[in-house]
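Residue numbers (the UniProt record's numbering): 1 to 473.
Glycine included, every Cβ here is placed at the ideal spot set by N, Cα and C.
Computed from a predicted model, the values in this text were never measured in an experiment.
First comes the structure, then the notes that go with it.
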Amino acid sequence: MNKAYLRHLNESEKFEITFQYVDPEARINRQFNLCRQVSETISSFTTRVATNMDKVIKKKNKNQTQPPIKVSVSVNGNQVKDDSISCKDIFVKNTDRIVLNVCNQQYDVIINSPWVSGLALPNSILANFPVYPVKFESQYTDRGASEFSWFKSKNKTDWTLIGDRFIYQPSNGDIDSFLKISCLPRNGDLEGPRVEAVSAVQVQAGPGFCPFETRHEFTKEKCKGESFRVVSYNILADLYCDSDFTREVLHPYCPAYALSFDYRKQLIIKELTGYNADLICLQEVDKKIYNYDLQPFFEQLGYNSDFCIKRGLVAEGLALFYNRARFKQLETFRLVLSDELNTNQLFSDIWERIAANKELSARILDRSTVLQANILESLDNNEVLIVANTHLYFHPDADHIRLLQGAVIIRYLEHLVDDFKNKVTDQDLRKYSTISAQVVPFPSSEELSQHTALPSIVFPSDHIALISDLKWT
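As structure tokens, this is what we get:
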């Protein structure tokens with residue numbers, strides 16, 4: 001039997017219903033979408049469905065007389081005839097089998113099935129770089145249990161199956177092809193309607209060998225046992241890169257397409273993936289990039305994450321991704337330095353010195369700098385780790401402000417350590433318990449200047465990643 005999908009959020013006064021009506025003789029194949037009040041009567045609902053149907057049929061068959069559109073609702077095989085019964089009584093409170101009858105076609109009404117309301121592919125797709133939906137909006141859906149299929153086509157008509165995961169990495173053989181992704185949403189035993197999205201652009205050739213691939217030679221294997229790998233990387237927020245000033249003054253040597261985040265994020269994600277890190281600390285992370293790109297991508301790779309936005313109207317911040325097979329989060333903390341510096345007794349001695357200089361105090365209180373701190377427990381040996389992530393004030397003449405910000409952060413972290421030690425009974429808890437086992441070498445000067453400066457077509461940021469393997473001692 002056909003299906004009509006009804007969605008009603010708890011406490012909402014509205015519901016949405018979707019069904020596909022197909023009548024080959026009338027040359028109609030149309031999806032109908034209605035949003036109605038739960039308080040309206042079933043009679044009003046069926047009248048609205050009939051009215052919408054009638055408009056479509058008359059438009060398709062202008063010169064033909066059409067029979068009346070008949071629409072009804074049945075519960076357990078019995079047609080609802082009481083005009084006073086509300087949609088809420090039938091669709092929300094009722095748990096019996098509900099059927100929508102439309103022009104002699106029957107639809108099982110499926111309530112709150114898995115549903116994908118938005119699916120889209122990016123505007124830049126490079127061969128040998130990962131691609132994934134830039135938009136995946138859903139309700140009642142377990143993305144991990146859902147089915148994904150990838151296809152390619154030169155003409156958007158004849159499609160060839162090429163992948164079956166949420167993430168796909170195009171090969172050189174996919175260049176000049178369009179991509180299509182198909183999703184069958186699932187949640188437990190429930191399935192929703194299949195949804196598809198086709199790329200507006202073809203797969204393009206990548207930039208060739210990127211210097212970060214040389215660094216990947218040092219991180220081919222994941223750490224295990226007493227070792228774990230940490231990456232820290234300022235990825236250059238899109239909000240600082242997407243402007244005429246950036247393109248014409250700061251980075252005029254860099255092609256505009258390579259400054260677009262649709263391009264840069266492909267390099268960033270491939271670079272980070274190849275480091276096989278257990279902990280990834282990122283700075284200058286746009287909120288939208290975290291929500292639609294980084295979080296969904298790295299969740300698929302086995303990472304949990306924490307995002308911390310800066311103070312005020314700045315739509316970028318800090319992100320931590322941690323390997324959930326090796327760490328679990330115990331607590332998370334935020335410290336907006338300018339909010340705490342002159343009010344928190346913990347920093348009173350530091351603030352006393354700063355306040356003596358009005359120009360300095362005004363400048364430091366105007367900063368949006370934030371500290372993100374997460375207390376993680378190792379699942380390998382139950383050791384506890386505080387992971388601190390921040391982005392100090394960038395200005396070239398602000399080394400003194402960065403020094404003061406660093407002092408505040410260290411003071412706060414020492415306080416966290418002492419506070420945590422008071423909560424545990426392990427008398428052997430140590431203040432410092434790791435050593436560096438490996439530091440991945442930086443790119444050479446020749447690599448950094450190959451395309452004049454950073455960012456470039458092979459360096460997605462104006463910073464480079466810091467990678468180190470640490471070992472419990």
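- Setting aside the 5 residues that flank it on each side, N381 is surrounded in the same chain by E226 and W472, each with a C-beta closer than 8 Å to its C-beta; the list follows chain order.
- DSSP places W351 in the helix class (H, G or I) of the three-state scheme.
- Within the DSSP secondary-structure output, C241 pairs in no beta bridge.
- K423 and R324 have their C-alpha atoms spaced approximately 24 Å apart.
- Along the UniProt domain "Endonuclease/exonuclease/phosphatase" (232-329), the alpha helix (DSSP H) occurs as fully enclosed runs of 4 or more residues at 238-241, 256-259, 261-274 and 295-300, listed in sequence order.
- With contacts defined by Cβ atoms closer than 8 Å, D142 and N112 do not form a contacting pair.
- In terms of Cα proximity to P185, the closest of Y168, G144 and P170 is G144.
- Secondary structure note for E213: its alpha helix (DSSP H) is the uninterrupted segment F212 to R215.
- Around the beta carbon of N389, 16 or more other beta carbons lie within 10 angstroms, which makes this residue buried.
- In this structure, D238 and I289 form a Cβ contact; the two beta carbons are roughly 6 Å apart against a cut-off of 8 Å.
- Unbroken beta strand (DSSP E) stretches of 3 residues or longer found wholly inside the region 169-205: 178-184 and 195-198, given in chain order.
- C-alpha of K328 to C-alpha of P296: approximately 18 Å in a straight line.
- Between N374 and L320, the gap from beta carbon to beta carbon is short of 8 Å.
- When DSSP states are grouped into helix, strand and coil, N112 belongs to the coil group.
- Per DSSP, the unbroken beta strand (DSSP E) holding F19 starts and ends at K14 to D23.
- In terms of Cα proximity to I69, the closest of I57, Q79, G77 and N76 is I57.
- No Cβ-Cβ contact shorter than 8 Å links P441 with D262.
- Exclusion of the five residues before and after A277 leaves R229 and V231 as the residues of its chain whose Cβ lies within less than 6 Å of its Cβ.
- Secondary structure of V134 (DSSP, three-state): coil.
- Between L294 and V285, the C-beta gap is smaller than 8 Å, which places the two residues in contact.
- Judged by DSSP in its simplified three-state form, C223 adopts coil rather than helix or strand.
- Here the alpha carbon of A127 sits roughly 12 Å from the alpha carbon of F178.
- Membership of A437 in the beta strand (DSSP E) is indicated by the continuous run T434 to V439.
- In the three-state reduction of the DSSP assignment, C87 falls in the helix class.
- Assignment of N76 by DSSP, reduced to helix, strand and coil, places it in the coil class.
- The C-alpha of K220 lies about 37 Å from the C-alpha of D399.
- The region 405-415 and the region 337-355 touch, with three or more beta-carbon pairs separated by less than 8 Å.
- For the set D469, S468, V458 and I467, the Cα lying nearest the Cα of F209 is the one of V458.
- A buried status is given to F136, since no fewer than 16 other beta-carbon atoms sit within 10 Å of its beta-carbon.
- The DSSP-derived three-state label of Q66 is coil.
- In the three-state scheme derived from DSSP, where H, G and I count as helix and E and B as strand, R334 is classed as strand.
- Cβ contact annotation for H216 (same chain, cutoff 6 Å, sequence separation greater than five): G274, in chain order.
- F148 counts as buried, since no fewer than 16 other beta carbons sit within 10 angstroms of its beta carbon.
- Scanning its chain for C-beta atoms nearer than 7 Å, with the 5 sequence neighbours on each side dropped, one finds around Q37 the residues E13 and K14, in chain order.
- Taking C-beta separations shorter than 7 Å and ignoring five residues to either side along the sequence, the partners of L360 in its chain run I354, following chain order.
- The C-alpha of I110 is placed about 12 Å away from the C-alpha of E16.
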